[in-house]
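Since the structure comes first, as structure tokens, the remarks are kept for the end.
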Amino acid sequence: MDTHDDSSPAFPTLEQRENYKHNPEGDTYYVSEGGMSLRQYAAIKLRVPDSGLAWLDEMILASRRAEYAGLAMQGLLSRKGSGWGDPVAKEAAKEADLLIAGLKK
41 MDTHDDSSPA FPTLEQRENY KHNPEGDTYY VSEGGMSLRQ YAAIKLRVPD SGLAWLDEMI
101 LASRRAEYAG LAMQGLLSRK GSGWGDPVAK EAAKEADLLI AGLKK
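With the sequence shown counted from 1, adding 40 to any position gets you our numbering.
Written out as structure tokens, the structure reads:
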């Protein structure tokens with residue numbers, strides 16, 4: 041069972057409040073709230089597509105795919121006589137997709 045609380049904001053912002061119901065004097069004061077959740081921050085920082093937001097998870101996956109494709113291209117180009125250009129880029133993208141698919145298992 042998961043017992044940690046990730047609902048707190050990772051980078052809260054200060055919001056101005058006036059005449060708030062818990063402030064009987066009616067003074068202006070600031071409340072710390074808002075910002076991305078700790079879970080979203082951890083997902084971005086660790087590059088794990090488990091933020092709870094589908095669009096953010098897709099961005100994380102796209103970032104990982106681009107990095108893996110770049111690494112695969114470096115490996116492919118390091119082979120003697122490997123060629124250059126579009127065929128190598130397509131092969132690198134294919135290898136990146138295979139790696140990501142393998143990581144999902």
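Don't be surprised by glycine CBs; every beta carbon is placed ideally from N, CA and C. Just so it is clear, the structure is predicted and the values come from calculations on it, not from any experiment.
Mark Gln114 as exposed unless 16 or more other C-beta atoms lie within 10 angstroms of its C-beta, in which case mark it buried.
-> exposed
Per DSSP, cross-strand counterpart(s) of Ser77 = Pro49
Pro89 - containing alpha helix (DSSP H), residue span | Taken as a continuous stretch (DSSP letters only), Pro89 belongs to no alpha helix (DSSP H), as it is neither H nor E.
What three-state label does DSSP hand Met41 in the structure shown?
-> Residue placement at Met41 is poorly supported in this model, since its pLDDT is 48, which falls under 50; the coordinates still yield a value, given next. Note: Met41 maps to coil in three-state DSSP.
Limits of the unbroken alpha helix (DSSP H) element including Gly142 = Where Gly142 is concerned, the enclosing alpha helix (DSSP H) starts and stops at Asp126 to Lys144.
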